[in-house]
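Structure, as structure tokens:
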Amino acid sequence: MNLLIALIPAIGWGVQPLILKKINGKPKNEILGTGMGALLIGIIVYLFLSPQSLDRTTFLLSTFSGMFWVIGQVGQYNAYNLLGVSNTMPITTGLQLIGTSLIGVIAFGEWSRSPYSKIIGAGAIILLIIGAALTTISDSKDKKSGFFKGIILLSLTSVGYWVYSALPKIVNADGVSIFFPQMLGVFLGAVIYVIMFRGKDAFKDKKSWKAGIVGFTFSISALAYIFSAQENGVATAYIFTQLNVVIATLGGIFILKEKKSSKELGFTLLGLLLIIVGSIITIFL
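If you're matching positions, the sequence shown starts at 2 in the working numbering and goes up one per residue.
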């Protein structure tokens, strides 16, 4: 049962981009629907799991954490249109892991168990960089312009994911307790994004409401990860989540029919392998 719980985030986060592309909405529809779905699950968890009450500071930091997640996710949703799912997912995963690992070392003093930890950790980050770079290799010159824009977009917006991961480490509360304010933050961030970019029509668009399925998928997966970490340990739970990038990338190729030459596919698979190996190494430091 514990391993089944561990698989939920991997599958949920892996199929999330595939569902979005099947709905075929615009980024404003996608992020608004995600926010609405996430808020609904957050409210249900708050009502039925009776999490501990939070002080104002913890609640606000958790809410801001969710709002910063939206920055990263908007970048990812826009990158799907520039790079495709099969290219976006390995790159964004690599960038997230690099950023969160460096923040963990610099801000929270992680990787300090032995003199060799930082050396091995640096090697893991190099693997992540090489792996992400390999997935961008393309035979087509026509793709390079879109690739460049997509990579720049992901590089800038991944900061949102880094802050989303870092803020909860500051507060003294369990994952279930901060779950609702985080999902509230996701919803508020999505609404702010839609209003700022003049997308108020998204509130009436059916594709936004359909994208609520993705919000359910994201939030249920996030909740399952909390329970998986409690039952299986953080290292095991996190390793299982890395299967999501494999599911999403291969799903983009074989389900969404994103074209790749045999050379591009080979480099993508090798890049995925390096990203997974690098991420596993960072967990055990």
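All C-beta atoms, glycine included, are put in the ideal place defined by N, C-alpha and C.
Cβ neighbour criterion (16 or more within 10 Å) applied to residue i
| i | result |
| --- | --- |
| Phe181 | buried |
| Met197 | exposed |
| Gly36 | buried |
| Gly132 | buried |
| Thr64 | buried |
| Leu21 | buried |
| Ile277 | buried |
| Thr58 | exposed |
| Asn245 | buried |
| Ile179 | buried |
| Met184 | buried |
| Gly15 | buried |
| Asn30 | buried |
| Ala223 | buried |
| Ile6 | buried |
| Ser166 | buried |
| Ile227 | buried |
| Phe109 | exposed |
| Phe217 | buried |
| Phe69 | buried |
| Phe285 | exposed |
| Ile42 | buried |
Integer-rounded CB distance, given that residue j should sit under 8 Å from residue i
| i | j | result |
| --- | --- | --- |
| Ser209 | Leu33 | 5 Å |
| Gly67 | Gly190 | 6 Å |
| Ile171 | Thr137 | Wrong, their Cβ atoms sit about 34 Å apart, outside the cutoff. |
| Phe219 | Ala11 | Rounded, the Cβ-Cβ distance is 13 Å, inconsistent with contact. |
| Thr283 | Ala125 | 5 Å |
| Leu154 | Ala80 | 6 Å |
| Ile130 | Ile99 | 7 Å |
| Ile9 | Ala225 | 4 Å |
| Leu135 | Leu275 | 7 Å |
| Ile104 | Trp163 | 6 Å |
| Gln17 | Val187 | With 8 Å as the limit, Gln17 and Val187 do not qualify as a contact, their Cβ atoms being about 13 Å apart. |
| Gly279 | Leu128 | 4 Å |
Determine contact between the segment 232-249 and the segment 45-58, defined as no fewer than three beta-carbon pairs at a distance below 8 Å. No contact exists between the segment 232-249 and the segment 45-58.
Sufficient close CB pairs (3 or more, under 8 Å) joining the segment 67-74 to the segment 155-174: In this structure the segment 67-74 touches the segment 155-174; the number of beta carbon pairs closer than 8 Å is three or more.
Would you call the segment 244-261 and the segment 80-88 in contact, with 3 or more CB pairs under 8 Å? Touching, yes, given that three or more Cβ pairs across the two stretches are closer than 8 Å.
Would you call the segment 106-126 and the segment 193-212 touching, i.e. three or more CB-CB distances under 8 Å? The segment 106-126, when compared against the segment 193-212, does not touch it at the 8 Å Cβ threshold.
List, from N- to C-terminal side, the alpha helix (DSSP H) runs of 4 residues or more that fit wholly inside the segment 128-180. Within the segment 128-180, the complete alpha helix (DSSP H) runs of at least 4 residues are 145-171.
In chain order, which continuous runs of the alpha helix (DSSP H) of length 4 or greater are located wholly inside the segment 18-84? Within the segment 18-84, the runs of alpha helix (DSSP H) that reach at least 4 residues and sit entirely inside it are, in chain order, 28-50, 57-84.
List, from N- to C-terminal side, the alpha helix (DSSP H) runs of 4 residues or more that fit wholly inside the segment 190-239. Those alpha helix (DSSP H) runs which fall completely within the segment 190-239 and span 4+ residues are 207-211, 213-233.
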